[in-house]
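So the protein lines, in turn, are chains A and B.
Numbering-wise, this note's numbering puts 194 at position 194 of the first sequence, and it's gapless, one number per residue.
Numbering-wise, this note's numbering puts 1189 at position 189 of the second sequence, and it's gapless, one number per residue.
Note that beta-carbon positions come from the ideal geometry of N, C-alpha and C, so glycine has one too.
Since the structure is predicted, the reported quantities are computational estimates derived from the model, not experimental observations.
Step one of this worksheet: look at the structure below.
Protein chains: 2
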Amino acid sequence: MLDYKLLEALGAVVDQAGFERGAQVLGLTQSAVSQRIKLLEARLGQPVLIRAPRIAPTDLGKRLLNHIQQVRLLEHDLLDYVPSLGDREQRLRIALNADSLATWWAEAVEDFFREHTVLFDLVVEDQEAALKRMRDGEVAACLCMTPRSIQGARARPLGGMRYRPLATPDFVKRYFPNGLDRIALAEAPAVVFGPDDRLQQRYIANHGVTVPFPHHLCPSSEGFYQMIRSGIGYGLVPEIQAQAAIERGELVDLESSSDVIVPLYWHYWRQGGNILEALTQHLTQHAQRWLTDLDGFENSVGVL
Amino acid sequence: MLDYKLLEALGAVVDQAGFERGAQVLGLTQSAVSQRIKLLEARLGQPVLIRAPRIAPTDLGKRLLNHIQQVRLLEHDLLDYVPSLGDREQRLRIALNADSLATWWAEAVEDFFREHTVLFDLVVEDQEAALKRMRDGEVAACLCMTPRSIQGARARPLGGMRYRPLATPDFVKRYFPNGLDRIALAEAPAVVFGPDDRLQQRYIANHGVTVPFPHHLCPSSEGFYQMIRSGIGYGLVPEIQAQAAIERGELVDLESSSDVIVPLYWHYWRQGGNILEALTQHLTQHAQRWLTDLDGFENSVGVL
Chain A
1 MLDYKLLEAL GAVVDQAGFE RGAQVLGLTQ SAVSQRIKLL EARLGQPVLI
51 RAPRIAPTDL GKRLLNHIQQ VRLLEHDLLD YVPSLGDREQ RLRIALNADS
101 LATWWAEAVE DFFREHTVLF DLVVEDQEAA LKRMRDGEVA ACLCMTPRSI
151 QGARARPLGG MRYRPLATPD FVKRYFPNGL DRIALAEAPA VVFGPDDRLQ
201 QRYIANHGVT VPFPHHLCPS SEGFYQMIRS GIGYGLVPEI QAQAAIERGE
251 LVDLESSSDV IVPLYWHYWR QGGNILEALT QHLTQHAQRW LTDLDGFENS
301 VGVL
Chain B
1001 MLDYKLLEAL GAVVDQAGFE RGAQVLGLTQ SAVSQRIKLL EARLGQPVLI
1051 RAPRIAPTDL GKRLLNHIQQ VRLLEHDLLD YVPSLGDREQ RLRIALNADS
1101 LATWWAEAVE DFFREHTVLF DLVVEDQEAA LKRMRDGEVA ACLCMTPRSI
1151 QGARARPLGG MRYRPLATPD FVKRYFPNGL DRIALAEAPA VVFGPDDRLQ
1201 QRYIANHGVT VPFPHHLCPS SEGFYQMIRS GIGYGLVPEI QAQAAIERGE
1251 LVDLESSSDV IVPLYWHYWR QGGNILEALT QHLTQHAQRW LTDLDGFENS
1301 VGVL
């Protein structure tokens, strides 16, 4: 059998992004952890860690991490039957998009948390990067736009996030006095989440504006919303986040019936154990309270 | 004089984190951008970019980026006098902590934005990393806890963010029935922003709990707050974010008079040009509307 003491050291160093903190979590000295990883590498005849510029697992290291995560999830199930075996602390590492995390996620898992002893280890990633993390074994599940599952995993549709192109009434008066035309879009400052924010970019491209268009960059879901609330820019905002401000007339649509639906699929390991299975059940049953029904939309998310 | 076409190519590739997008922003082909960077490297006799695993400037590249940013800020001032010289689009790249961005930042710069033509390029970084970005020339200003300015820059105190240790009443009943003691803290799940979240870690360590303590990881300011609102964990939350929920009794303090004040200093380049100077003035005058007075606190931020 594999030497799990060594694998655990690898997991801790990668999770904590450092030898010192990894050692702290394990209650070991830094040199003990370092020796375990060297021993692991000596046995395998290959490095498992890249040390610089930042700590990261090698391809082999990623495979081992994937394996450890799966073993841990299976151990958790075993503990249901043999509680004396050990500590029940169970971490579920999940990648999800910033907008889900800032809006509906916590409410959706609230009841689940009350019934299960679990600690969430959340990672913010956009669509493709999230699936890559699944493949690399860094997360046990992820939320992303892709319906197709990766090997060893399953995917279930949860629903769609509805985005509306919003700005303050003052902003509209200043930048879009004649509506949403190309000229106005080439002048008005948008808010964009980051260079990878395809949602905003395609929305604008669909209106015939070629890059570069003026934009602020704001890599924070709530900061993004606040900038639009403050009239610093316009952008596509999750309806769930802006609902109250829209009702009070503090934010208005830039054009009517131009909502964008982003479908969200829950990807999870098949061999992920009972708790991941239970979370999957829970989300599949309840997420629709916060998300839009995907029926009929599946072929119409043109903007993405 | 330096060849700014080449430097501009470097800036675009680093800003956009890729040759393809960098070229798009400049309206050039990818191969033209690639050639410019190769030419720059040939002239300097040293690489300016690390290509893999992700695009990053070398030390020399960072010095050049620092220089470009400063030249751009100076150009903007020149345009006040010679508007015909060119395009007035002005980007200010600023690093700030996630909690400021999710709470007071947009409101604080709202008026400034109305009076100045500027696009914000915001970067979320914790304290030390933000100053490092200043030093590397990646940002023109940053918000951080350190009062001491780096070479070429100045620092001004803006005020303090007040954090309160909060949870839902149900959470307190379940996990802290006898108050905030070591035993309860060793069992109750905290929410922690990331492995670098010293605020939460020190707060708990100050109560005599040694790591590891049970915690969720949630690297999103709003997600962090939502998890505490949903009773999934407890944690130190910016008062400004939780005010309404505290007043409605939906969140309660874990202990009385245990607020933590995090001082915020605005660091900015001395040669940053008029617009950075104006933003500095604006923040120095107005930030106190959202932040706590630091007088008397300067020596008492013991928890940090």
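Checking contacts by CB at 8 angstroms: is A/Leu-122 closer than that to chain B? yes
For a quick check, are the C-beta atoms of B/Ser-1230 and A/Ser-221 less than 8 angstroms apart? no
Which class does A/Arg-91 belong to by DSSP, given the choice of helix, strand or coil? strand
Short CB-CB distance (under 8 angstroms) between A/Trp-266 and chain B: no
Any contact of the region 47 to 57 of chain A with the region 13 to 22 of chain A, i.e. 3+ C-beta pairs under 8 angstroms? yes
Chain-ordered chain A contacts of B/Arg-1248 [CB-CB under 7 angstroms]: The premise fails here: B/Arg-1248 is roughly 15 angstroms from chain A at the closest Cβ pair, so nothing lies under 7 angstroms.
For A/Cys-144, which of A/Ala-167, A/Ser-100 and A/Glu-107 has the nearest alpha-carbon? A/Ser-100
Please tell me whether A/Trp-269 and A/Gly-152 are closer than 8 angstroms, where the distance is taken between their beta carbons. yes
Segments assigned alpha helix (DSSP H), at least 4 residues, entirely inside the region 86 to 168 of chain A: 98 to 102, 105 to 115 and 127 to 135
Could you tell me which uninterrupted beta strand (DSSP E) segments, each at least 3 residues in length, are contained entirely in the region 1237 to 1268 of chain B, listed from first to last along the chain? none
With a threshold of 8 angstroms on Cβ separation, who are the neighbours of A/Leu-291 within its own chain once the five nearest residues in sequence on each side are excluded? Trp-104, Leu-158, Gly-159, Gly-160, Met-161 and Leu-264
For B/Thr-1280, the three-state DSSP class (helix, strand or coil): helix
In chain B, which residues lie with their C-beta within 9 angstroms of the C-beta of A/Ser-258? Per Cβ cutoff of 9 angstroms: no residues; A/Ser-258 is ~24 angstroms from chain B at best.
May I have a chain-ordered list of the beta strand (DSSP E) segments no shorter than 3 residues that lie completely inside the region 164 to 194 of chain A? 190 to 192
To the nearest whole angstrom, what separates the beta carbons of B/Gly-1235 and B/Ala-1205, a pair I think is in contact under 8 angstroms? The Cβ separation is near 14 angstroms, so there is no contact.
List the residues of chain A that B/Pro-1189 touches, going by C-beta distances under 8 angstroms, in chain order. Leu-119
Min CB distance A/Gln-226 to chain B below 8 angstroms: yes
Does DSSP put A/Gly-22 in a helix, a strand or coil? helix
Do B/Leu-1119 and B/Gln-1090 count as a contact pair if the criterion is CB distance below 8 angstroms? yes
C-alpha gap between B/Ile-1232 and B/Ala-1188, whole angstroms: 10 angstroms
If we cut at 8 angstroms on Cβ distances, does A/Glu-239 have a partner in chain B? no
For the region 3 to 18 of chain A, which residues have a beta carbon sitting closer than 9 angstroms to at least one beta carbon of chain B? Asp-15, Gln-16, Ala-17 and Gly-18
Through-space distance from B/Leu-1074 to B/Leu-1085, alpha-carbon basis: Only weak support exists for where B/Leu-1085 lies, its pLDDT of 49 falling under 50; the value from the coordinates is given anyway. Approximately 13 angstroms between the Cα atoms of the pair.
Can you name, in chain order, every residue of its own chain whose Cβ lies under 7 angstroms from the Cβ of B/Phe-1019, other than the five neighbours on each side? Val-1013, Gln-1030, Val-1033 and Ser-1034
Residue nearest to A/Leu-28 in terms of C-alpha spacing, selected from A/Leu-40, A/Ala-42, A/Leu-39 and A/Glu-8: A/Glu-8
Interface flag, A/Pro-214 vs chain B, CB-CB below 8 angstroms: yes
Any heavy atom of the ligand FAD closer than 7 angstroms to the Cβ of A/Leu-49? You won't find the ligand FAD in this model; it holds no ligand whatsoever.
For A/Thr-280, count neighbouring Cβ atoms within 10 angstroms of its own Cβ and tell me buried if that reaches 16, exposed if not. buried
Closer than 8 angstroms, CB to CB, is A/Ala-32 near chain B or not? no
What's the call for B/Ala-1042, buried or exposed, on a 16-neighbour Cβ count within 10 Å? exposed
Identify the contact partners of A/Phe-176 in chain B, using a Cβ-Cβ distance below 9 angstroms as the criterion. Those within 9 angstroms of A/Phe-176 in chain B number zero; the least Cβ separation is about 16 angstroms.
Identity of the residue in A/Ile-246, A/Gln-288, A/Ser-256 and A/Leu-6 nearest A/Thr-168 by Cα: A/Ile-246
Alpha carbon to alpha carbon, how far is B/Ala-1244 from A/Pro-238? 22 angstroms
With burial defined as no fewer than 16 other Cβ atoms inside 10 Å of the residue's Cβ, what is the status of B/Ile-1050: buried or exposed? exposed
Output the distance between the C-alpha atoms of A/Leu-92 and A/Gly-22, rounded to the nearest integer angstrom. 18 angstroms
Hey, B/Leu-1064 and B/Val-1048 are a contact pair by Cβ (cut 8 angstroms); roughly how many whole angstroms apart? 6 angstroms
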